[in-house]
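This report refers to the structure that appears directly beneath it.
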Amino acid sequence: MMASFVSAYDEKVRPLMDKIDQVRALLSTNNDGVNFPNVVVVGDQSSGKSTLLESLSLVELPKGSGIVTRCPLVLRLRKSIQRKVYRLHDDNKKE
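Residue 240 in my numbering sits at position 22 of the sequence shown, and the numbers go up by one each step.
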């Protein structure tokens with residue numbers, strides 16, 4: 219099962235993450251100096267990483283015992299009148 223997860227990540231998610239990184243690099247090197255704030259959360263299993271991200275974003279993340287959110291997670295926060303949460307699935311469709 220873990221091999222299929224890694225394979226799906228390598229095939230579908232990783233290329234998207236690489237493109238996002240390329241766009242960020244292009245935008246941050248212009249004369250206006252656009253800098254995107256970033257937060258990286260790293261820690262042991264069940265050490266409160268998801269809880270911290272929930273507190274910062276007000277987006278509910280999966281919870282449970284054992285490994286629950288073992289994947290890269292990108293939260294893009296924007297000021298808006300409406301609250302929208304999208305989950306990108308294996309087929310690249312928004313939910």
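Note that beta-carbon positions come from the ideal geometry of N, C-alpha and C, so glycine has one too.
All values derive from a computational prediction rather than experimental measurement.
Worksheet entry | C-beta contact flag for I285 and Q263 at 8 Å | yes
Worksheet item: From R232, A226, T287, pick the residue whose C-alpha is nearest to that of G266; which is it?
Response: T287
Fill in: Through-space distance from L279 to S273, alpha-carbon basis
10 Å
Discussion item. Excluding the 5 residues flanking V303 on each side, which residues of the same chain have their C-beta closer than 7 Å to its C-beta?
Written reply: V277
Practice prompt. Please list, in chain order, all residues of the same chain as V231 whose beta carbon is under 7 Å from its beta carbon, the five residues on each side excluded.
Written response: P290
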